[in-house]
Each structure stands twice: as structure tokens, then as C-alpha cells.
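Notes for the one structure printed next.
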Amino acid sequence: MGLSEADHDELVRRAASGDDAAIEDLMQIHRERLKQMVRLRMDPRLLARVDPSDVIQETLTQASQSLPQYLESQPIPFYPWLRRIAWQQLVHIHRQHLDAEKRTVRREQRPAWSVSDHSSMQIAQVIAGGLSTPSAAASRKEICQRVRTALEQLSETDREVLLQRYVEQLSVKEIAAVLETTEGAIYKRHARALEKVQLALEGGFHDP
Amino acid sequence: MIRDTQQTAAHGPPSGQPYEVLLDQLAEIVRGGDDEKLETFLSTHRDQQQQLRQMLPTVRVMAQMGVVGEADNAEVAPDHDAMRWAGGKTLGDFRIIREIGYGGMGVVYLAEQVSLHRQVALKILPLAAVMDPRQLQRFKNEVQAVALLQHANIVPVYSVGSERGVHYYAMQYIAGHTLADVIAHLRRLAGIGPVEEHATDRSSKRSEINAALTRDFQSAVPLGSPTAETQPMAALSTAISEGSQSERFRSVARLMIQAAEALDHAHTRGVLHRDVKPGNLMVDATGNLWILDFGLARLEGDLGMTMTGDMVGTLRYMSPEQALTKRVVVDHRTDIYSLGATLYELLTLRAAYEASDRQEMLKRIAFEDPRGLRKIDAAIPAELETITQKAMEKSPTDRYETAQNMADDLRRYLDNQPILAKPPSLVDRTIKWSRRHRSLVAAATVIMVLAVMTLSIGTVLFSREQGKTLAALKEAKANAERSRAEAAKANSVIGLFDEMLGSANPFKVAKGADYTYRQLLDQFATGLDQQLGDQSEVEATIRLTIGKAYQSLDLYDRAEPQLKTAVDLRRRAFGEDHEKFAESLVAYADTLRNTVQVTKAEVLIQEAIAIYRRRGSETDGFVHALIVHGWITGWRLDNLEKAEAIYREALQVARRLHPEEHFLVGRILSNIAYFLNKRGDHTEAERLAKNALAILRKAKPADNSSIAYALDNLGQIREAQGDHSEAEASLREAVEVFRKVGGDKNPRMGFTLLALADVLEARGKHAEADGLRRAGMMLTLEGWRKVNVSYKVRIQIAGEYQLYLRFDGHDSASRTLYARIMELANGTPESVGHVFEYVGSHPDANFRTYPWEGSGRLNGWGGRRSPAVWTIPSAGDYTIQLTGERDGAAVDALVLQLSSLPAPKADGPDESPTAEDGIFMESEGRIVVEAEHFTNRSQGDASWRKVPEEDSGDVKHLHFRGSGYIQFLPDQSPHNPAEVHDARGQLLDELGRHEERQKSRSTRPSLTTPKRSSLIPTVLSPTTSDSTSISERKTGTKP
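As given, the protein sequences belong to chains V and U, one line each in that order.
Each residue of the first sequence is one higher than the one before, counting from 120 in the numbering used here.
Each residue of the second sequence is one higher than the one before, counting from 6 in the numbering used here.
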């Protein structure tokens, strides 16, 4: 972010050669994005108890530890790798806090948490914050509601692509790495998902 | 419109850059906010400009989402304070006046009940929002029970209700202070720091509460203010400052009498408080004590909330029975304990237990006695000390029988009469202590003896080195004798220890005791490292014992290092041709097979058997070795015949060593029956299994698990014979025995539950089968390393379970498990085949699939509902379209393309399939599609018309390798065969079947989607000319 891909690659290369400053830079560069991701994915109930910054801190600590191993092979781009660690942290925390006693498979109702379920809720908040000009504020609520409805109706993968692209601000390449698919597929899915959101905003979207 | 753009995209955009890529670039530019750049971009891509412009508003909206993240993060996080209510706001009949308190269970407001013009305390329960209706109902019932209580010392509850999703609880407003405030105040006066300060208290919430409390406290009761004279707190503190300690203790007693009598009132009406603590006891201006929050603790329990740092304070007053088990059935004596802990703190101004973390706190409450009260403050009257200790006894039966009894004793103290409770004698204390620490005492003894013995042996060796003189020799001899004696002594202790560990049924013991048992083992294992060098034969024996004890607890990871050391030590001590060495090998191999290191286990067990054979040693050790070898051969290597032969040899040896009704004979027979059954000889298998069961029942083994296993075995044999009802009976009994041995979560039971689920499924009891299957999978996986299930079965179960996770929305958990499956498969070709059987259904499989050349069945979707089953009549490509219903509307929702390989293929652009919810699958012969799995996603009840009907015609079961692809389609968008075709192309590429892919390029279906004329239940039509058409066949079988 604010850094060309080549510069970023250079940083990774320096980090791989053991340059501590480069490692530090790398972590800092992605910190905000990570934070956004964590906030987006974290169950609102948890936000009252767990500070996203702590999650990030833990993530970065873990990342530093396994960095040498990662740098050796670099199976996926750097940020998706970092994000994966954060994700694992989140899963862990969610389990710990919300799911501890509830993991019985016999249960009939919906699971106690589902990371993606909450993202659409929070999207509404995120957007509400984003449309900050006075003129926009008037229609803010309505747009919010529509976008939220639209996102809720999307398939999980579509929603994921949009969230990752726009909220987490991943590049198509990174999304492809996260979802373990090709960039081509992401391009196409992104376009389709946008079209669906468009329909919804025009008021013409209905249950597929 | 949507269709148009897509088709354009699929054709390939004229401008060179695909539309989708341009759209993404558009998003990037919009986000950058550079309008000039945007215009340039749009004019550069003139041919797509119109489409892109159309999308612009949406892109703008979406791009907003990211902007805020960078600009102002603070706005995004839900504001905690936003949940608070400002004054003047109304909630139902209540008008909020101001906030008066804030704690874990919610915010408390002073409010006016408008209709009655009275002031109330209104507690808002933020947690209620996450309760399910059942929990909420239970909570409301509880509150209603509390509302019926009428006692001068119980805060009356007016109502519980909800308004606009906010749940509240209205009670009488009491102006006063909690005993927690009082204690804090007294501590401050006494110059002791606040109780709550813990190293763990890092949360901002905590300090917020503290600050609020302090603020509140200071404003309400200025220290030393004469106006505070009437406050009980002031009265108490005055008592201290005036040095009238006895009056202070009498005040405390009077307060506790009120509390105890109020509790007794509730107890006799069947209401428990569950969370008695200073913070829930309030004293008003007249010195009257009020108990708050009756039954609210249940709410927390129901929510299964994890205790966070700021709840350690509450833990402090938790009873030992609560501390030991999470979900214990508590009774009124739990409240008595907590009142005792409160009394303790009021008297000593110190918490009964202090700990820096939750685990430590629980451990102390469960196992340690609090410091004597009079040791802290000699002024505390002995009677009050005794009363407190009686109330806080570890065992509920040792406490006061009723809260009233406690109140009576307190009153006797006030009246200067002798109290009924007696201080425990030293002997009582010692007995109680050793009762609680029995195993630890034994361990300590063993370690002590070992230490002495090691020392002696060391001396002997040393003396021998130096033994030039007679004196030295004499000394050496004496030492040798002493060490022999010590060794004998040690051995007898070890024998005792062995017996204790061996006879203890690891599942039978209560959870608390189990904790001790494991703690003992861990401590003992650590102690060994410290106490012994690595040269001792005795150490080897002890490690062997410890290792086996861990095994019996299914803690194989812990057993492994112990047994490995034992093997090394015995090798050194006895050489490689000794039964003792062989014995350690068998134990080690037995653990290794359980940690899926089967190859290594096999090598070791063969080595052990060779030793026994060479030495002609017909012992139990040899029998055990054969049993382990048989297991490895049969389960891991799938060599049933050889396994049977090994077990038969074990049987011969066991029969020579023991009478027929010996445990080992029964166990071996049961195993032979298992393998016979697998090989198809059900009749003989049943005979042996029954025989085995009878023997085991008579032998009464220490661990009834073997009986349960035998029952399980018999059940599966009966199932194989087609006798579902008998099978069900046996399996149910097996489950029963497992439950008795290890409770509802006995991991050994998982496999049996799965078998029972299959039987029930066959008998049409789908609902019960479903529940059992899930429970079975859960247990099996939780006991991943614990249960003797072959790796293949584990993978299969894991695969199924992973799907359940996924379809229940636990996507990330599903991913984790998926990784675990891959890890478990560990690259062996055979196992990978099994993994691939499930990989096709993995969420990531949207874009991916794997070759699977073996045979098997695709049953990874479990039997949640009757699946639709197709039998593939012949090789060829098929497209199956299913129609379904969702929310009452017909939807054509499922497209399944099956292709035999090699198959014609068309070209596709270099993109992966765009199937939504697409799933590739591979199968042989049968495709099983289950609608249920989609309902979680569609959030409606889908009912799928099964197509075609189970064909009665003579369907040829051809071997069929295929790949399928399932796609959800919106109502209006008919399935696009080209997409499926492209997806398949990608699949072929990934499989490395490039030739096939090349060949198939020519047959890419037209992009123009054929309109379906009507909602045909199912169309199953071959897309290759040379295969038999389903419709033809149908016309053949149907008139």
C-alpha cells in the first residue's frame, strides 16, 4: 500500500536475507490492512472484550517467528500469508470465547458464530462511517440497508471477494492466493458480484 | 443486462483486456479518487466504456467501504458506550434517570416506573441478546421464581421483560453500598491495597469499573464525613477506628445472619442464588442487608461464557464443587460455601484465595484450605473462625446442612452461647488432606524411596572403584545389602504404585480426581527426571509403568517419550535379547500404533516377537506382542488373513497360560471374530464374538471397555448378517457400557455411535441416526489420537465431519480439519486416494479437483436425509439438471455434469470455473446428491425431486470415472453448458490430462444457452452421441 509491487518484493527479499529493518517495515506496512480485516471478521460481541490490536500484535509476533520458514519457500504472496495467520488467531479466539461449551454437533440451531455472517452486518457500519459528507448522510441509511441486503444475498464466495477487495483492500492476486484459485476466476467473480450489488441498489434484486 | 455482459466477457473483450480486469482497474482508480485519471481510463477503453460506466455507481459505493478503514478506524469499532442509555430515555414503562452501576451482567440504571410513579433499579442485560429463546425462557422462569420470594433481605424483583430487543430486569431500588464496597473501604482504612488488583487485570473494562466504583463511592460517602454516620460502612469503620473490634465482628455476624436467613428462605422455595459474593450483598442506610441478583448467575452459566480476567474476582467465591467441574449440579450448600467465603473476607479483609490466574484459582479452591482466620488476625473470635471454616468445607456434606443452621450458629455467637460447629482436630485435617491428596502422597513416597535407593547404588559403585581395602569391601557389601533392601522396598512401592495406576479405571474417576491422577503422573514423570540419572533399571520399570498409565488415559503423546526412554534403558541394562527389553518394545509399539506411526510400530513389534520366539518365552508379554502385531497387520496393512493367523497364535498361547475364561482369551476371540466377519464368514464370526462376550463378562476386567468393544463387534457382525434389530440391540448395549465407563463423552464410544447410526439409518430412524452420527464423529475426532481406529476410517470420518462443519457454516474450522486430513494422509498413495474422495467436496474445491483412480463410494455427505441416488447406466457425458423448491418457488438449482473419461472436451479461456457453490466430485458408479447440504446456504427448505426415479430397468453398473460439478443457478439464468465445459477443461489440465483437454476443445458447447421449455423434474441427457440416452432407456422401461 503506497508501495509498488517491486518495492514490496524488494522488502521481502531483504527480509529473507535477514534484514531486521525490512521485516519491521513489512509488518508495519500491512498492519492497518490486517486491523481492518480483524475488525471486519470479529464477532461484534467479542469486540467488547478483545481489542483487535491485541489480535494484530499476536499475529505479528507469530508471523515473525515463522517468517524464516515462510521466506524459504514463499508458497503464497506475503500479505495473504500474514492474513492467514491472523485468521487462525481469530478462529482461535472465537472458539475460545464464543464456542467453548457449544461445540456439540447434535445442536440443531445455527452455530454460535460464523465469521462471514457478521461481516455483512459490520459492512453497514463501515459504510455508514464512509459516507460522511452531509449530502450523503441523508441517504446513508437507505444505501446502507440496500448494500447490506445485497451482500447478504450474495453467495459466500461472492461476498468474500467483495469484502476482501474493498474492505480488506486485497489485490486480485492476493485474493486469488487467499481463496486458492486463479486470478481469472477472481476477476470474473468480482464482476459478477458487483453486478448483483448493482441490481440490488437499483432495487431489482431478489432472492436467486 | 447481466447476461449480456457476461457473455461478452466470455467471448473475450475486443479491447484486448477482459471486461472483468478493466472493472477491477476501475475500482482501483475510483478508490484513488482521481477523477481525471478515471476519465482517461474510460476513454482509453472506449469499446467497454458504456458497460464500465454503468457499473460506476456501484463501484463508488463499494469503494467507500475501504476508504473509511484508512481514514478513521475509530468510527468503525462498535462503541461500547453506545450500548449505554442516556438519562431521559424510556424503555417500556421505565424512564431512565441515571446510571448507577456497571458490571459483568449489565448496566444498572436508576429509573422511574412511569405507571406506578416509583423508582426502580433497572438492569439491562446486554448478554440476553445472544441467548437463544430457550435459554431466555429458562432465565425468565428463574426470575419469576425469584419474584415470588418475599423476604426482608431479598431485593424484590418487579419484572423482567424486553423492549426493542433490549432485555431488562426491574427491581426495587436500594440506596446503599455493597459489601464489596464496604470491604474495599475497610481495607483502605486498614492500609491494605484493594482486593481486585491482579496482574491479570489488564482489560480497560476492569479499570473502568474500578474507577466508577471509586468515583461512586467517594461521591456518596466522603471519607470521614460526619454525614456518613448513618452508613453501615461508616459505622463499621468507626468501630475499627475506635478500636472496638468486638463490635465490628458482631456487626459482621449480624449482617451474615440476615444473608443466611434470606438464602434459607430462597432455598426452601427451591431457588438458588449461585453467585453469592460481597458484590451481591447490599447494605442500606438502616443497616438492612439485601441480596441482589438472585439467579442471574444462571444466565452466565447458560451462555457458557469463558471467564475473562475480570471475572477472576467472582471465581474467588466459587465453591470447590463448582471449581472442579464446569457443569456440576449445585445445590444450596454451594450458596452456603460462598457465604462462608464472603464471611471470611469480611472478617479478615482478605480474600480466602488469591491467585494470578483462573486455573490457579480453581486449583486452590479445589485443593487448598484457606489460611486460618486467626492467623491473619488474632482478634477474630474463635467461634467466627469455626463457623467460617465449617461453611467453607471442601465437601458439601461437611458444611452446614442449611443456611438457617449457619444463621443459628452466628446467633449463638452473638448471644455468647456455645456454637454447634466444632473446630476440626489436627487428625481430622490430616485425614482430610491425605484423602484429597492420596495419589500425591503415594507419588511422593515413591520418589523419596527412589532417591534413597539411587544414592545407595551410587555409593556401591563408588566404593567398588575404590575398594582396595577390606574396610572398603565391607562397606561395599553393607551398601550392597542395603541397596538390595532398598531396591526391594522400592520395588514393593512400585508394585503398589503399579497396582494403583493399573487398577484405576481412568474413565471411572470423577473429573476432579482425574485431574489429580494426571497431575500425579505428570509430577511423577517430572520428578523422575530430577531424581534419577539415566542408568537405572528401576527407572526403566517406572517409566514403563508411567507410560502404560498414560496409555490407559489415552494420552499417547505423553506415553511416547516415557516408553522410548524405557526401551533405551532396558536395551542398555539387559541387552537386545531379553524379555524385559521385548516387554518395553511391545508397550512402545502399542503407543506408536496409536499415534499413527504404524510403520515404526510394526518394525518394533516384530523385533519383540523375534526375541520372545528366540527365547521360547511363552508369557503374557508374548501374547500382548502378538495382539499388537495382529492389530497392526489387520487394521493398518489390511491383511486380514495374516492378522487372523497371528491372533490365532496368540489364542493358543493364551489358552496354554490361562483358563478359558481369562480376559486375554476373550479379547483375542473378539478380535478373531472381527476379522472373520470382514472376510465374510459371518456365522463363525458371530459364534466367536458371542463366546468372547461371555468370557469377558465372566472375567470382569478392570476396564469394562473391552466388554463394550466386544458388544460393538457383535453388533457389527449382526449388521453384516442383515439382522438390523439384533445389531441395534448390541450396539446400544455397547454404547451403554461405554457411557457407564466414561460418560457421554467417552472418546472410545465414537466409532460405536457411528455404527449404530448406520444401523438406525437402515431401519429408517433417520433423526436419531443423524444425531448419533454427529456425536460419533465428534467423539472420534476429539479423541483423534486416542481411539484405536484405523487411519483410513479416521480420514473417512474426518472427511464427513469436515463437510458437516462446512455446511453448518464453520468454514474455517472445516479448513483446519481439511489441513489435518492432508497431514494425516501423509502422502501415502493409498491414503491420498481416500483423502481425495473428500477433497472434491471441500470448499476450496470450487476450483479444484483431484484424480482418484481407485474404487470406492462417494458417501462423504452423510445420511442426513434420504439422498437422491443415480446409477450411471453407461459411460458418457451427462448433464443433470435438478429442479427444487425454495421458499415455495420453483427454482432450477442444481446442475450436475458427469463425464466419463476420456471425454470430449472443448476449449475454454484460461479461467477457472465460475460455478457458485460449485463442487467437483468424483465417483464410481453412483452419484449421491443430498439436498440438505444446500439448505444451509439457501436458508430455506429445499426439496429436490429425485431424478430419475430409482430405475427398475436392468441398469448396467459400469465402472465409471467421472467428475461432476454442482451449481446453484438463479431462477432466470439457465445453466450454461460452456461454463461447465470450461470448468472441466481446467480440471483436465490440473489432472495433467492435457491430451484429453486438447481433444475436448472441439466439442465446447455453444455459448447460447438453450432455453428450457418447462420445469422438467430432471433432465438427464448424454452429451456424447455414442452413449445410451437416458430418455431412450426410460422409454424402454416405461410405457
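Cβ coordinates follow ideal geometry from the N, Cα and C atoms, glycine included.
Residue i - partner residues in DSSP beta bridges
| i | result |
| --- | --- |
| lysine 116 of chain U | According to the sequence displayed, residue 116 of chain U carries alanine and not lysine. Note: alanine 116 of chain U sits in a beta bridge opposite U/Ile101, U/Val125. |
| isoleucine 159 of chain U | U/Ile296 |
| leucine 286 of chain U | U/Ile296 |
| valine 165 of chain U | U/Tyr174 |
| glycine 776 of chain U | Beta-bridge pairing links glycine 776 of chain U to no other residue. |
| glycine 137 of chain V | None, per the DSSP bridge assignment. |
| histidine 182 of chain U | U/Val288 |
| leucine 96 of chain U | U/Phe99 |
Buried versus exposed, by CB contacts within 10 Å (16 or more), residue i
| i | result |
| --- | --- |
| alanine 630 of chain U | buried |
| glutamate 398 of chain U | buried |
| arginine 369 of chain U | buried |
| histidine 272 of chain U | buried |
| alanine 655 of chain U | buried |
| proline 62 of chain U | exposed |
| glutamine 56 of chain U | buried |
| glycine 345 of chain U | buried |
| glutamate 191 of chain V | exposed |
| leucine 121 of chain U | exposed |
| glycine 769 of chain U | exposed |
| glutamine 665 of chain U | With the sequence shown as reference, residue 665 of chain U is identified as glutamate, and glutamine is not the correct amino acid for it. Under this definition glutamate 665 of chain U is an exposed residue. |
| glutamine 176 of chain V | exposed |
| lysine 380 of chain U | exposed |
| serine 361 of chain U | exposed |
| aspartate 29 of chain U | buried |
| glutamate 504 of chain U | Residue placement at glutamate 504 of chain U is poorly supported in this model, since its pLDDT is 42, which falls under 50; the coordinates still yield a value, given next. Exposed. |
| glutamine 317 of chain V | buried |
| glutamine 263 of chain U | buried |
| valine 119 of chain U | exposed |
| alanine 947 of chain U | In this predicted model, alanine 947 of chain U has a pLDDT of only 27, less than 50, meaning its place in the structure is not dependable; the value taken from the coordinates is given anyway. Alanine 947 of chain U is buried by the Cβ-count criterion. |
Contacting residues, own chain, Cβ-Cβ under 6 Å from residue i (five flanking each side not counted)
| i | result |
| --- | --- |
| leucine 145 of chain V | Leu130, Ala134 |
| glutamine 181 of chain V | Ile204 |
| glutamate 1061 of chain U | Residue numbering for chain U in the displayed model covers 6 to 1044; residue 1061 of chain U lies beyond these limits and cannot be assessed. |
| methionine 261 of chain U | Leu348, Leu415 |
| histidine 127 of chain V | none |
| asparagine 293 of chain U | none |
| asparagine 150 of chain U | Residue 150 of chain U is actually alanine in this sequence, not asparagine. Cβ within range, chain order: Val276. |
Same chain, Cβ closer than 7 Å to residue i, five either side skipped, listed in chain order
| i | result |
| --- | --- |
| alanine 694 of chain U | Ser675, Ala678, Ala715, Asn718, Leu719, Ile722 |
| histidine 663 of chain U | Leu669, Val670 |
| lysine 585 of chain U | Arg575, Phe579 |
Contacts of residue i in chain V (Cβ-Cβ under 7 Å)
| i | result |
| --- | --- |
| glycine 63 of chain U | Looking at the sequence shown, residue 63 of chain U is not glycine but threonine. Neighbours of threonine 63 of chain U on chain V, chain order: Leu313, Val316, Gln317, Leu320. |
| valine 26 of chain U | Tyr306 |
| aspartate 29 of chain U | Val291, Tyr306, His309 |
Residues that residue i contacts on chain U, provided the C-beta gap is smaller than 8 Å
| i | result |
| --- | --- |
| leucine 281 of chain V | Met67 |
Chain-ordered neighbours of residue i on chain V, where CB pairs are closer than 9 Å
| i | result |
| --- | --- |
| methionine 60 of chain U | Ala310, Leu313, Glu314, Gln317 |
| alanine 32 of chain U | Arg284, Tyr285, His309, Leu313 |
Residues near residue i by beta carbon distance below 8 Å, same chain, minus five either side
| i | result |
| --- | --- |
| valine 35 of chain U | Leu43, Leu61, Val64, Arg65, Ala68 |
| alanine 319 of chain V | Arg265, Val266, Thr268, Ala269, Gln272 |
| threonine 339 of chain U | Leu277, Arg279, Ser324, Glu326, Gln327, Pro401 |
| lysine 315 of chain V | Ala269, Gln272, Leu273, Asp277, Phe324 |
| glutamate 124 of chain V | none |
Contact test: residue i Cβ vs the ligand SAH heavy atom, cutoff 6 Å
| i | result |
| --- | --- |
| glutamine 155 of chain V | Annotation note on the ligand SAH: not contained in the displayed structure, which lists no ligands. |
Within chain U, the residues that residue i reaches when beta carbons sit closer than 7 Å
| i | result |
| --- | --- |
| valine 266 of chain V | Val66 |
(request) Pick out the complete alpha helix (DSSP H) segments inside the segment 599–681 of chain U, 4 residues or longer, and give them in chain order. (result) Counting only runs of at least 4 residues, the segment 599–681 of chain U fully encloses the following alpha helix (DSSP H) elements, listed from N- to C-terminal order: 603–619, 625–636, 645–662.
(message) Ignoring anything shorter than 3 residues, give me the beta strand (DSSP E) runs that lie fully in the segment 360–430 of chain U, in order along the chain.
(response) For the segment 360–430 of chain U, not a single whole beta strand (DSSP E) run of length 3 or above is found.
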